[in-house]
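Here the sequence shown is numbered in full-length UniProt numbering, starting from 1 and rising by one per residue.
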Amino acid sequence: GGRVTSSVRSLGGQRFKAAFTPHQALPHRVDIKFNGETVPGSPWHVNIMSNTNSNLSVLGESTRLVPANTPAVFEIITNTNNAPADLSVHVIAPSKRTIQARVLPGNRTGVQSVEFVPTEVGTHVVEVSIN
């Protein structure tokens with residue numbers, strides 16, 4: 001295996017956010033150390049999937065950090081003229097529970113806004129497909 005450039009940012013309260021950009025669609029092992037000591041829970045294993053639809057992007061501050069119990073909005077850019085009904089959006093909470101996501105009406109061609117309300121603290125997964 002090789003190494004991938006990463007970054008770490010303090011979130012306060014002894015919490016940190018690590019990020020990396022994978023260059024290959026294959027399983028990655030994430031090893032994190034603090035002051036030379038392995039962080040509890042490390043290493044983590046992350047499955048990286050290939051981008052099967054390069055005509056789709058998900059953007060917005062809500063794809064990063066949002067407070068719980070507050071509406072979060074992000075944009076889906078399809079580079080095509082899809083109607084809101086053409087998109088299937090699922091948000092999966094850390095508990096694996098599905099959170100309702102609503103594609104909002106009245107957007108620009110090729111851009112759809114989506115709203116959801118996270119009710120749990122932690123990493124959520126956003127799944128988008130074009131019907």
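Beta carbons are placed, not taken as given, at the ideal position from N, Cα and C, and that holds for glycine.
*asked:* Taking contact to mean 3 or more Cβ pairs, one atom from each stretch, closer than 8 angstroms, check whether the segment 67–74 and the segment 31–47 are in contact.
replied: Counting C-beta pairs with one atom in each stretch, the segment 67–74 and the segment 31–47 have fewer than three that are closer than 8 angstroms, which means they do not touch.
**Request:** Let me know if Ala25 comes out buried or exposed under the rule of 16 or more other beta-carbons within 10 Å of its beta-carbon.
**Result:** exposed
Quick check: Val125 and Ile92, are their CB atoms within less than 8 angstroms of each other? Contact flag set, yes.
Item checked: His45: first and last residue of the uninterrupted beta strand (DSSP E) it sits in -> 44–46
Within 10 angstroms of its Cβ, does Ala19 collect 16 or more other Cβ (buried), or is it exposed?
exposed
Since Val58 and Val128 should fall inside the 8 angstroms C-beta cutoff, what is the C-beta to C-beta distance between them, to a whole number of angstroms?
6 angstroms
Does the Cβ-Cβ distance between Phe116 and Ala72 come in under 8 angstroms? yes
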